[in-house]
Structures are given as C-alpha cells and as structure tokens.
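As numbered in my numbering, residues -10 to 299 make up the sequence shown, in order.
Since the structure comes first, as structure tokens, the remarks are kept for the end.
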Amino acid sequence: MLEMRHLKTLSTLKESGSLVETAERLHLTQSALSHQLKDLEEKIGCQLFIRKTKPLRFTTAGKRLLNLAQDVLPLVRSAERDLSRLAGGEAGRLHMAIECHSCYQWLMPTIDQFRNNWPEVEMDLASGFNFAPLPALARGDLDLVVTADPQGITGISYIPLFKYESLLAIANQHPLANKAFIAPCDLVNETLIIYPVEHDRLDIFKQFLDPAGIEPAHIRTAELTLMMIQLVASGRGVCNLPNWALTEYLEKGYVQAKPLGPEGVWATLYAAVRDDQLNTPFMKDFLLTAKDVSFEALSGIKIADTTSAL
C-alpha cells in the first residue's frame, strides 16, 4: 500500500507547506502530484491534509505517515551510503572553494552533516576570493566550487543548487523605502556597498545596472555581510544581497529590502564539479545533502532549472 515515493512526497509537502513547491521539488506536474496524493488517500481510506490551508494542515492520518517518513527516510539514505561504501566508493578527497560571501549560512551545516556520513573523505574549504577557483578546479587542485558565475570550461559541469532573489538593502529612513521596487536610475546618486570582487561577478551589475548603462555615484567595499548591513543601517550606502542572507536582518528590523525592478532579479547558485568526479558516490551524496540542507535552512529560495548552466 505504502511506497517510498509516498513518504518522500509527504515529507517534502511538510517542508514546503505548498503543493506547488512540492511538485517543483519532486519534478512532478501539479496534476501528477494531486493524482498521487488522491490515490494514496483512496488506498488508506483517510484524508491526509486539509486542502486550501496555508500552510497545509495535516490530519491525524497524515501526521502518522509523516512520523513514519521521518523514521524511514533517514534510514534508507543511510543504507544507500553504506551500499556505496561496500561498492568501493567510500574514500576520496573533497577540496572546495566558494565564490559567495554569504554561503556559510547553509554550507557549514552541509559540511558537518556530510563529514559525519563520510568520515573517510578528506575535506578542505578555501575562500575563492583571492584566486581563480574554476581554473583550479579544472587543473585538479580543487574538487568542487560553489559559484553563481558559471564559465564554459571543458570538463566541468554545473549542478544547480537553488535559485535566489537579489535584493537591495536600504536604511529604514531611506528615501527609497516608499518605493515598491528599485529602478536602475534610483542608484545614480547612491553609494553602493559591495564585496571586494570584480563587478561582472555581481548580480546587481551584470543583471541590473550594466544593461541599463547606469553607474552608482560611489562604490565602497566591505569584507563581511554584517559590516555591510551596519553601514546600510547607519545611512552610509545601500547594498545588494541574496534574499536568504537578509532574512535575519529584516526580521530584526535593522534594514529594509526592495526588489530590483518590477520582476525582480533572480540568480542561480551552482556547484561546479569536474566530470570525472560527478558520479562518485560521496560527491553525489554531498550535492544531495547541500540541496536538502539549503531548503531546510534558507528562506525565499526556489528550485533551480536543471538544464545546463551554459
């Protein structure tokens, strides 16, 4: 009666709170998802959740199956790892670099969880801000690079982790605080605070300002996200950050955040991996763990398009 896909569906539904997002995460059409849930409810003779509630509310029967999913799914994942080890894929090296200053919020829990599951894999983490990590990946000096700026390098694949929206953080008293969204021309008299990286690697330049031919009045750099927020809150400038990196500061009321343009600016974060490493058991598990942890830990992200990055 019960299948693994049912438990996975209910677990994802609980995490997302939405049929639409659950269908996206499971790569199903909404029609196929609804059919699967209806078929399961008919088989067990019980309704699993209250429809048209936000977030979805589970019935007693639904909660019982959710408890089962929480028990069974981790056991299955653990068994799959053990089988991979038995097949000879337990040892290896995973040296990585990141090109995202805000990534530690989800990357460190991912690394901790992965290290517990794959203690035999040698791990190392470096910042990608002071050297070119993608060429280092191609040479074999690195094994994985977290990047939002994929480049066409032979032998490297880009696995999408999630989509995020780039927002403009402004002081609560800023004149732009009353606007529904930011236009490029709104920044001509502003000081834009950015991380110390090339402009063509930043979403606000390559997707927003450069296409409009706009330059901000001044550029100021800061190494740390918290430093950028402090400068913004004190009226020293504005900054562009991923929506999930701003969540805690918005909840505390330190700053406000506005979309870039009426449709917003969305970007995708990728894991760049050499093709010869892509199908190793520990690499596949790291990528799955990274996606799972991201959607558990971050607010406002979306499922990324699984087609090629280039």
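Ideal placement from N, C-alpha and C gives every residue a C-beta, glycine not left out.
Model, not experiment: these values are computed from the prediction.
Going by other Cβ atoms of all chains shown within 10 Å of its Cβ, with 16 needed for buried, is residue i buried or exposed?
i       : result
SER297  : Caution applies to SER297, whose pLDDT of 49 falls short of 50 and renders its modelled position unreliable; the value that the coordinates give is listed next. That one is exposed.
ASN167  : exposed
ALA211  : buried
LYS280  : buried
ARG14   : buried
HIS(-5) : buried
SER5    : buried
ARG82   : exposed
HIS163  : buried
GLU154  : buried
ASP132  : buried
ARG263  : buried
SER91   : buried
SER20   : exposed
On a CA-only basis, which of the options is nearest residue i? Give me that one, please.
i      : options                            : result
GLY242 : VAL221, GLU10, PRO231 and TRP255   : VAL221
LYS247 : ALA261, LEU(-1), ILE145 and LEU176 : LEU176
LEU114 : ASP138, ALA137, CYS89 and ARG128   : CYS89
PRO200 : LEU215, PHE47, PRO44 and CYS174    : CYS174
ALA256 : ALA125, THR18, LYS3 and ILE292     : ILE292
ASN106 : THR136, ALA125, ALA127 and PRO63   : PRO63
SER67  : CYS92, TYR147 and ASP274           : ASP274
THR214 : GLN196, ILE183 and ILE208          : ILE183
Using a Cβ-Cβ cut-off of 8 angstroms (strictly less than) and excluding sequence neighbours within five positions of residue i, which residues of its own chain qualify?
i      : result
ILE159 : LEU165, ALA166, VAL221, VAL227, VAL244, GLN245, ALA246 and LYS247
GLY224 : ALA160, GLN162 and HIS163
What are the partner residues of residue i, as DSSP defines its beta bridges?
i      : result
THR180 : HIS207
PRO149 : TYR259
HIS84  : ASP113
THR136 : TYR259
PRO314 : Because the chain in this structure spans residues -10 to 299, residue 314 falls outside the shown range and cannot be described.
ILE39  : ARG46
Return the chain-ordered list of same chain residues with a C-beta closer than 6 angstroms to the C-beta of residue i, the five sequence neighbours on each side being excluded.
i      : result
GLY289 : ASN232 and TRP233
So what's residue i in DSSP terms, helix, strand or just coil?
i      : result
PRO307 : Look at the range of the chain in this structure, -10 to 299, and you will see that residue 307 is not part of it.
LEU123 : helix
GLU212 : coil
ALA158 : strand
SER297 : In this predicted model, SER297 has a pLDDT of only 49, less than 50, meaning its place in the structure is not dependable enough to derive any value.
ILE290 : coil
PHE47  : strand
ILE33  : helix
PHE170 : coil
VAL282 : helix
VAL65  : helix
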